[in-house]
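Enquirer:
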Amino acid sequence: MSSLKTPAPPAAPAPRQRPSPRHSPARGRLLNRLDLRLTPYVFVLPFFVLFAIFGIYPIFYTFWIAMTDRSPLNSTISFVGLDNFVELLTNDPQFWNAVLNTFGMFVLSTVPQLIIALLLANALNRRIRGQMFFRLAIAMPIITSTAVVALIFSMIYAREFGLVNWLLDLVGLGPIDWRANRFASWFAISTMVDWRWVGYNALIYLAAMQSISKDMYEAAAIDGASRRRQFWSITIPQLRPTIIFTLIISTIGGLQLFTEPLMFTSGSGALSGGSEGQFQTITMYLLDVMNQRFRWGYAGAVALVLFLLIASVSFLNYLLARRISSDK
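So in full-length UniProt numbering, spot 244 of the sequence shown is number 244, and the numbers just go up one at a time.
Here it is in structure tokens:
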């Protein structure tokens, strides 16, 4: 009789070992800390790389070339120190003529431009019929080609058969040669600049006005403040940062005025700004020195002086805007 054999119980499976973590908790915290600190710099690094290539390097190169007599006509480059600056500031009447023209057109264009833009934005900030149409209409000059604008205004201010001279003839006034007279050319070019950029500044002011709380206007209206009083006591102080921004941007653009006066005349001598340089700007003079006289070192000195003028006037405008806004 065979003995019955009971099967042995199955062996318990060996416990599975958990894989050990690749990184310790301390190392993970270190990587997380480095990620939080370095990632923002990685994202902004491309901007600074491009700025260094196209911004910082040209500035230092301009400083270097302004200290030399470099010219494509000469194979050798000599270090001349501050001679270019001395000649520019003490013995160059054409440069000071360009400075006078630039500041004259800058004042005639910038002051009315910002005032009209502020008033226009205040009007468009109210509830009027066709509000969206007017807001889009003031943006049209921004997307218009500068060459087209200059061509149209050249026809408007033409000496013969120009629209403005035709209107002057209707009221019994004689025609004006807008290109031959200094102040007439300043006025013509300034109206061209104003027409193109008033809408741009108006849209900036309008966007800033939209962020002002309506409760402030309602409280002022309950206290009996008129719309004019609300404008000076609420709108202007609230727009102070925006006004300073547009003032500085307009200063930079106004002192670098180039395309409008260049397109106002024609021919090979367009960079001269008229027969006697009556509307030649600093940037036009800079291009004339570099491309017509081939004095690259001297042109570098002109560029640096222009940079200092823009920085100085922008800083003065900033202080003036802060003072006016604080008084209001």
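Beta carbons are placed, not taken as given, at the ideal position from N, Cα and C, and that holds for glycine.
Which word fits Gln-113, buried or exposed, when buried means at least 16 other C-beta atoms lie within 10 angstroms of its C-beta?
Expert: As a working mapping, residue 113 is identified with position 113 in the sequence shown. Gln-113 comes out buried.
Enquirer: Measure how close the beta-carbons of Thr-235 and Leu-257 come, nearest whole angstrom, since I'm counting them as under 8 Å.
Expert: Taking the sequence shown and counting its residues from 1, one reaches residue 235 at position 235. Taking the sequence shown and counting its residues from 1, one reaches residue 257 at position 257. Actually they are not in contact, since the Cβ atoms of Thr-235 and Leu-257 sit about 29 Å apart, beyond 8 Å.
Enquirer: Tell me which same chain residues have a C-beta within less than 8 Å of the C-beta of Leu-286, skipping the five on either side of it?
Expert: The count along the sequence shown starts at 1 and reaches residue 286 at position 286. If we look at Leu-286 and ignore the five residues flanking it on each side, its Cβ neighbours are Ala-299, Val-302, Ala-303 and Leu-306.
Enquirer: By the DSSP assignment, the alpha helix (DSSP H) with Leu-167 in it spans what residues?
Expert: Numbered from 1 along the sequence shown, position 167 holds the residue referred to as residue 167. Start and end: 163–170.
Enquirer: What are the residues that DSSP puts in a beta bridge with Thr-68?
Expert: As a working note, residue 68 is residue 68 in the sequence shown. DSSP, once it has assigned bridges, lists Phe-79 as partnering Thr-68.
Enquirer: At 4 residues or longer, what runs of the alpha helix (DSSP H) sit wholly inside the stretch 113–143?
Expert: Qualifying alpha helix (DSSP H) stretches, in chain order: 131–137 and 140–143.
Enquirer: Pull up the CB-CB distance for Gln-292 and Leu-271, whole angstroms please, since I reckon it's below 8 Å.
Expert: Counting from one through the sequence shown, the residue named residue 292 turns up at place 292. Counting from one through the sequence shown, the residue named residue 271 turns up at place 271. Indeed, because the Cβ distance is near 7 Å, the residues count as touching under 8 Å.
Enquirer: Applying the criterion that 16 or more other CB atoms from any shown protein chain within 10 Å of the CB defines a buried residue, is Glu-276 buried or exposed?
Expert: The count along the sequence shown starts at 1 and reaches residue 276 at position 276. Classification for Glu-276: exposed.
Enquirer: How is Trp-178 classed by DSSP in three states: helix, strand or coil?
Expert: Here residue 178 refers to the residue found at position 178 of the sequence shown. Reduced to three states, the DSSP call for Trp-178 is coil.
Enquirer: With 16 as the cutoff for other CB atoms within 10 Å, does Gly-130 come out buried or exposed?
Expert: Residue 130 sits at position 130 when you count from the first residue of the sequence shown. Gly-130 is exposed by the Cβ-count criterion.
Enquirer: For the candidate residues Trp-296, Leu-309 and Arg-322, whose alpha-carbon lies nearest to that of Ser-78?
Expert: As a working mapping, residue 78 is identified with position 78 in the sequence shown. Out of Trp-296, Leu-309 and Arg-322, Trp-296 has the C-alpha closest to the C-alpha of Ser-78.
Enquirer: Of the residues Ile-138, Ile-115 and Val-111, which one's Cα is nearest the Cα of Leu-124?
Expert: Locating residue 124 in the sequence shown gives position 124, counting from the first residue. Cα-wise, what sits closest to Leu-124 is Ile-138.
Enquirer: Between Val-198 and the rest of its own chain, which residues show a CB-CB distance below 8 Å, the 5 nearest in sequence each way excluded?
Expert: On the sequence shown, residue 198 is found 198 positions in, with the first residue counted as 1. Only Gln-113, Ile-116, Ala-117, Leu-120, Ile-138 and Pro-141 meet the Cβ criterion.
Enquirer: How long is the line joining the alpha carbons of Leu-136 and Arg-196, rounded to whole angstroms?
Expert: The residue you call residue 136 lines up with position 136 of the sequence shown. The residue you call residue 196 lines up with position 196 of the sequence shown. Cα-Cα distance, rounded: 14 Å.
Enquirer: If you run the structure through DSSP and keep just helix, strand and coil, what is Ser-213?
Expert: Sequence index remark: in the sequence shown, residue 213 carries index 213 (1-based). Here Ser-213 sits in coil by DSSP.
Enquirer: For Glu-218, which of helix, strand or coil comes out of DSSP?
Expert: Taking the first residue of the sequence shown as 1, we reach residue 218 at position 218. Here Glu-218 sits in helix by DSSP.
Enquirer: Identify, in the order they occur along the chain, each residue of the same chain with its Cβ nearer than 7 Å to the Cβ of Val-42, setting aside the five sequence neighbours on each side.
Expert: For the purposes of this step, residue 42 is taken as residue 42 along the sequence shown, with counting starting at 1. Nothing listed; no residue qualifies.
Enquirer: Measuring alpha carbon to alpha carbon, tell me which of Met-290, Val-44, Gly-274 and Ala-188 ends up nearest Val-149.
Expert: In the sequence shown, counting from the first residue as 1, residue 149 sits at position 149. Closest option to Val-149, Cα to Cα, is Ala-188.
Enquirer: Tell me where the alpha helix (DSSP H) around Asp-92 begins and ends.
Expert: Against the sequence shown, residue 92 aligns to sequence position 92. Looking at the DSSP string, Asp-92 is not in any alpha helix (DSSP H), and its letter there is neither H nor E.
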